[in-house]
Amino acid sequence: MVESYETLVEKAYSVLPETAIKEERFLVPKVRGHVQGNTTVISNFLQIADSLGRKPQHFLKYILKELATPGELRKNGVIIGTKMPASRINEKIEKYVEEFVLCKECGKPDTKLLKEGNFVFMKCLACGARHSVNAKI
218 MVESYETLVE KAYSVLPETA IKEERFLVPK VRGHVQGNTT VISNFLQIAD
268 SLGRKPQHFL KYILKELATP GELRKNGVII GTKMPASRIN EKIEKYVEEF
318 VLCKECGKPD TKLLKEGNFV FMKCLACGAR HSVNAKI
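Position in the sequence shown (from 1) plus 217 gives the number in our numbering.
See below:
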């Protein structure tokens, strides 16, 4: 007997371990840093911005606005003007990813921001979808 293609694929998936099937290629790194006096220092901010494929200045502007705190970008990371728990910063990073990185149609992170006139669009390189995003930040 000759088995159908679909049956063979189902057999192959049943044999694979769960980790091979559910592997995610897009993982946002968690914030690493420390509190120094009345400030918070994030040492891996540039790596996070790089993994998201966004400019650090745009990313920082959004995070500082969401946290309602002053801060500045330095060579060795970001200095936030208040004591801030890493969990709260990670929440804001996840919100940024949903709003400015993940495609609204296919959910993939293969996007880039394009400015056209007074509008900013997020264009998906995977499915070709285009969505306007908040340009005020």
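C-beta atoms are modelled at their ideal positions from N, C-alpha and C, and glycine is treated no differently.
- A distance below 7 Å between beta-carbons, with the five flanking residues on each side excluded, links N255 to the following residues of its chain, in chain order: T299, K300.
- Taking each of A346, S349, K329 in turn and checking the Cα distance to A266, the smallest one comes out for K329.
- S349: member of the beta strand (DSSP E) spanning 347-350, first to last residue.
- Only exposed fits C344, as fewer than 16 other CB atoms lie within 10 angstroms of its CB.
- The residue from R271, T257, V245, T286 with its alpha-carbon nearest to that of V295 is T257.
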